[in-house]
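Participant:
In this note's numbering, the protein residues as written are 1 to 339.
1. Might you give, ordered along the chain, the residues of its own chain that have their beta carbon closer than 7 Å to the beta carbon of residue 171, omitting 5 neighbours on each side?
2. For residue 191, write down the residues that DSSP places opposite it in a beta bridge.
3. If you run the structure through DSSP and keep just helix, strand and coil, what is residue 38?
4. Rounded to whole angstroms, what's the CA-CA distance from residue 204 to residue 190? Just pull it up for me.
5. Apart from the five residues just before and just after residue 128, which ones in its own chain have a Cβ nearer than 8 Å to its Cβ?
6. Does the Cβ of residue 126 have 16 or more other Cβ atoms within 10 Å, making it buried, or fewer, making it exposed?
7. Nearest to residue 67 by CA position, among 59, 60, 78, is which residue?
8. Of the residues 123, 29, 277, which one's Cα is nearest the Cα of residue 345?
9. How many angstroms separate the CA atom of residue 316 from the CA atom of residue 198?
10. Tell me which residue opens and which closes the alpha helix (DSSP H) that residue 147 is part of.
11. For residue 20, which three-state DSSP category applies?
12. Pick helix, strand or coil for residue 175, following the three-state DSSP scheme.
13. Could you check the C-alpha separation between residue 217 and residue 59 for me, to the nearest Å?
14. Could you tell me which residues DSSP pairs with residue 126 in its beta bridges?
So this is what it looks like as structure tokens:
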């Protein structure tokens, strides 16, 4: 319930557990490991044999997922890593175009629950009426049907397997949708670790995410200079009108990427749970003024955009995690805390 100081007491315990999980992941180095998996899934080789336990490499058009841990004991966690938006036009221009079309399909559509609810909607869907980004949901289901079949997900669910879903950018959005799908399919333990994830759905989806108990097992890392977690922005008419205002979306995200506004207008989109900001001041802020100044010249616009894209890259997130981990590890050692 809402109280005078503006704190939602009912959600506080879940958020506290989420905060604890974030600190634990960073201090133990698990977040760093997850980040490296999210970066390496972008690589060219069809299967990166240097990734321990990478049992399946599933590619569907521009979409890709790794499944790790299938050959381990049942007590181990199955990890599913979703690749984000492909941006290298030299390697695969078709994939880039397809990913961009997915990202820009920003109309909200009703959330599709797990197949077992195909004919009878789950009570939470009827109660919350969740809606999600149409492009993200379409991409997720195109890829997931292959993941589900090749990894024998239904068999793993029957064996009470534990899951951790990972992703960066578009991959993070698909990880959130996968977590909801797994929980609605009967999985008890689902953990989400995502980086630079855009907003996935509306407040109804946020309520569904909370109802399924996913807030306390989810960590969505962001950084102060990454514009993508602010997308889609609150542009009047944009969500309903589709393509109209796309340029305002992109320009607004870039122009506002250095400012965190507490008084931002309400939007139809939101994150499914509170995000965890990494302090990247020591990593990136030194180059930010020059990036902003470059917008004042025609020749500098392209360079500035590339710079902002670099703020969203997994390389930046890995550096930020390294900066965040050092003091936490020192504190844990001083206090003899288990990490």
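From the three backbone atoms N, C-alpha and C, an ideal C-beta is built for every residue, glycine too.
Facilitator: The short version:
1. Answer for residue 171: 38, 82, 83, 84, listed in chain order.
2. BP columns for residue 191 point to 164.
3. Three-state result, residue 38: helix.
4. Computed Cα separation, rounded: 20 Å.
5. Closer than 8 Å at the Cβ level, and outside the excluded window around residue 128, lie 204, 205, 207, 208, 211.
6. By the neighbour-count definition (other C-beta atoms within 10 Å, threshold 16), residue 126 is an exposed residue.
7. Taking each of 59, 60, 78 in turn and checking the Cα distance to residue 67, the smallest one comes out for 78.
8. Residue 345 lies beyond the range of the chain shown here (1 to 339); nothing can be said about it.
9. Straight-line measurement puts the Cα of residue 198 at about 16 Å from the Cα of residue 316.
10. Its alpha helix (DSSP H) spans residues 134-150.
11. In this structure, residue 20 counts as helix in the three-state DSSP scheme.
12. Residue 175: helix per DSSP, three-state reduction.
13. When only Cα atoms are considered, residue 217 and residue 59 end up about 27 Å apart.
14. BP columns for residue 126 are empty, so no partner.
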